[in-house]
Amino acid sequence: QQQQQKLKNEEEAKARAANKRQQKLLHEKQRREELISRKEAASMRILLRHIYNAQTENNDIQHQRLALERERFEFERNSVERFFAELPKLFSQQQQHQQQ
C-alpha cells in the first residue's frame, strides 16, 4: 500500500510539473503575443504619423499652388482691365492719326 501511495504521489508530482510547464508555456506564448501586438500598434502609429505628415505636406503644397494661381489670376485680370481701360485712348489716337 505504501508502494501504491508512493507511485500515486509520484504521478501527482509529475502531473503538477507537467501542468506547471504547460502554464509556463502558455504564459510565454501570451507574453510573445502581447509583445507582437505592442510592436504592431507602435508600427501602426508610426505609419499613421507618416501618412499624416505626408498629407499635411501635400496640403501645404496645394495651398501654395492655389496662392500662386490666385496671384496669376489677379495679374491676368488686372492686365485685361488695364487693356480695356486703355482701349478707348488707343481708338481715339488711331482716329486722330487717320484724320491727319
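Counting in the working numbering, the sequence shown runs from 6 upward without gaps. From the three backbone atoms N, C-alpha and C, an ideal C-beta is built for every residue, glycine too.
In the DSSP assignment, Gln98 falls within the unbroken alpha helix (DSSP H) covering Gln7 to Gln104. Straight through space, the alpha carbons of His102 and Leu95 are spaced by roughly 11 Å.
Spatial neighbours of Arg75 in its own chain (CB-CB distance under 8 Å, excluding positions within 5 residues in sequence) are not present.
Cα atoms of Arg21 and Asn14: separation of roughly 10 Å, rounded to the nearest angstrom.
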